[in-house]
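With our numbering as the guide, the letters of the sequence shown map in order to residues 855 to 1316. The C-beta atom is built at its ideal place from N, Cα and C for all residues, glycine as well. Computed from a predicted model, the values in this text were never measured in an experiment. Working notes, structure below.
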Amino acid sequence: MLIRNKLIILFTLLTMGVLGLFSTFLYSTFSLYRQVIFRTRLTEKAQTAASLLINRRHQFDDFFDQLMQSDMLTIVDEHIMIFDERGTMVYTNRRGRPTSGVLNFIKTLKTPLPVYVALDENEAVGMVYQDSSRVFRVVAMGYDQVGFTRLIMLRQLMLWGNLGSVILLVAVGYVFARRVLRPISKAMDEVDTISVQHLDRRLDEGNRRDEIARLAMTFNEMLNRLQKSFEAQRSFVSHASHELRTPLTNMLGTLQISHDYDEDPRELKASMASTMEEIRQLISLTNSLLSLARTGEGLVGLEVISVDDCVTNALTHLHNKYPNRQIRYDFGQLPEDATTFFETYGNMSLLTTCILNVIDNACKYSEGPVEVLLSQEKMITLSVRDYGQGISETDLPHLMEPFFRSNEVSNVSGFGIGLAVVQKIIGLHGGTIQFQSQVGKGTTVTLKLPTTSSQKAIIEEK
């Protein structure tokens, strides 16, 4: 069911409930009011008859006839009866004997206080009246035709009024729901126009204050993330295809030439060596792509590890790769009150790969010594400094983009994936990465990671 229809039904049911309760209260109040007014009239009739007729018993007929003729407020089916202490009816304004219901009723009269009862369609009041010598019981009966007629009119008025109100509510509710949900309908139409080819389109955010506007803003933020993700994916596929195609093309060309023209074993061996080098490049690129995909998943187990051990493992590998390169490893400032040093929650293999890529870049793009400084204050800080040619300001914002390579280092082998892997690994560990570089003077890369104590404090606060 559409939300609009649900709102109309809910709004109508709630209003009908309120109208029903109000109508019931009003009808019950008016019915009680009618009963009180009519019983008051009956009581006054009984008291008047008792005070006038009983005190003047010798004038019963003449006086009561005159009283009835002068009473302009005679009740429909009015019947007044007076009984003596033996239960014998000594006066009535109507012919006929009292019914059994009346006789049973007078037996219950014990005090001068009025007692009310319903006898068939009539209402009756009875009381005990005592003069100087005798005790009488007075009963006044009648039918409240005016009151019941008003009740019937009120009931019909409420019935037709509530029915008309329900019809009006449905119409008003439809207009109201349609107007309120119009921004959602508009947003749905706008969403239908968004596709992979048109991810740049956004929803109208309206006044940017109400819930629908906030929903549109949230959806637009999601579209921004999706657009960036699609663009990154397109760029990744494009660059990956290009990088994979180059070594495959070189391998195919080398093998074809060797197959068609090489007859000398030395030439065949040279072609095989060239192909093997291309295969190594292809394997390295594939491993880099797998590392990038693995860090993008974020599905890694974290445990307490030592950043110092990760740096040592990375340096061991780099010393084998660059045996003649001077890599200085030193420690900086350390806290005095710390019980453990360089411990963080992370993955040993991934963090070693991250540090290895940073130091490897420093060795790859510079010929001088590389300085590695590990320190700990509020965070664990690893600084890697080289004295190479540096990075231009125009290239700094693009260093984390996969497959990005500056034109100034096109002569150095690489794929432009290492720093993208570093950024994702550092993000998984809750750290940050910063670059400081001057052209011609070198580059400093700073990695910052949270300590185990700071991570525990954050978890306890949450």
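V1276 and C1208 do touch by the CB rule: their CB atoms are close to 5 Å apart, below 8 Å.
The alpha carbon of R895 has as its nearest neighbour, out of V1024, G980, V1158 and Y1183, the alpha carbon of G980.
If you ignore the 5 residues before and after L1227, its C-beta comes within less than 6 Å of the C-beta of D1184, G1186 and S1237, all in its own chain and listed in chain order. A direct Cα-to-Cα measurement between T1003 and L967 gives close to 29 Å.
Runs of the alpha helix (DSSP H) lying entirely within the stretch 1147-1226 and spanning at least 4 residues, in chain order: 1161-1175 and 1202-1218.
Residues of the same chain with a CB within less than 8 Å of the CB of F990, apart from the 5 flanking positions on each side, are A904, I908, I936, F937, D938, E939, V944, V982, Y983 and Q984 in chain order.
Ranked by Cα distance from I1287, the options M1233, T1306 and G1244 are led by M1233.
Between the C-alpha atoms of D1214 and D1054 there is a straight-line separation of about 39 Å.
Fewer than three beta-carbon pairs drawn from the stretch 866-875 and the stretch 1030-1038 are found closer than 8 Å, and the two stretches are therefore not classed as touching.
Taking the Cα positions, I1048 is about 40 Å away from N1201.
Excluding the 5 residues flanking it on each side, G1222 has same chain C-beta neighbours closer than 6 Å at Y1241, in chain order.
Rounded to whole angstroms, the separation of the alpha carbons of L867 and S882 is 22 Å.
Residue environment for Y1219: buried (at least 16 other C-beta atoms within 10 angstroms of its C-beta). Its chain contains L1122 and S1125 as the residues whose beta carbon lies nearer than 7 Å to that of D1116, once the 5 sequence neighbours on both sides are disregarded; these appear in chain order.
A direct Cα-to-Cα measurement between N1211 and N1174 gives close to 15 Å. Check the Cα spacing between G1284 and each of Y1199, S1083 and L1017: the tightest is with Y1199.
Beta-bridge pairing by DSSP links M943 to F937.
For E1044, the enclosing alpha helix (DSSP H) begins and ends at R1036 to D1046. Apart from sequence neighbours up to five positions away, the residues of its chain that approach E1044 with a beta-carbon distance below 6 Å are L1057, ordered along the chain.
Straight across, the Cα-Cα distance linking P1177 with L1069 is about 59 Å. In the DSSP assignment, I960 falls within the alpha helix (DSSP H) that extends over S954 to K961.
Taken atom to atom, the span from the alpha-carbon of V1224 to that of L1172 is near 11 Å. Counted as a single uninterrupted DSSP element, the beta strand (DSSP E) harbouring S1237 occupies residues M1233 to D1240. Your pair H933 and M995 checks out as a contact, with CB atoms roughly 4 Å apart and the cut at 8 Å. With contacts defined by Cβ atoms closer than 9 Å, T1298 and S1291 form a contacting pair. If you draw a straight line from the Cα of T942 to the Cα of I929, it is about 24 Å long. In the three-state scheme derived from DSSP, where H, G and I count as helix and E and B as strand, D1114 is classed as helix. Shown here for S1019: same chain residues with a beta carbon closer than 7 Å to its own, the five before and five after excluded, namely L873 in chain order. Per DSSP, the beta-bridge partners of Q1290 are T1298. Here L1008 is near F884, since their CB atoms are less than 9 Å apart. Under the three-state reduction of DSSP, E1247 is assigned to coil, being neither helix nor strand. The Cβ atoms of A978 and V1000 lie no closer than 9 Å to each other. With respect to the 9 Å criterion, E1197 and T1306 are classified as neighbours on the basis of their beta carbons. For the pair D1046 and K1040, the Cα-to-Cα distance works out to about 10 Å.
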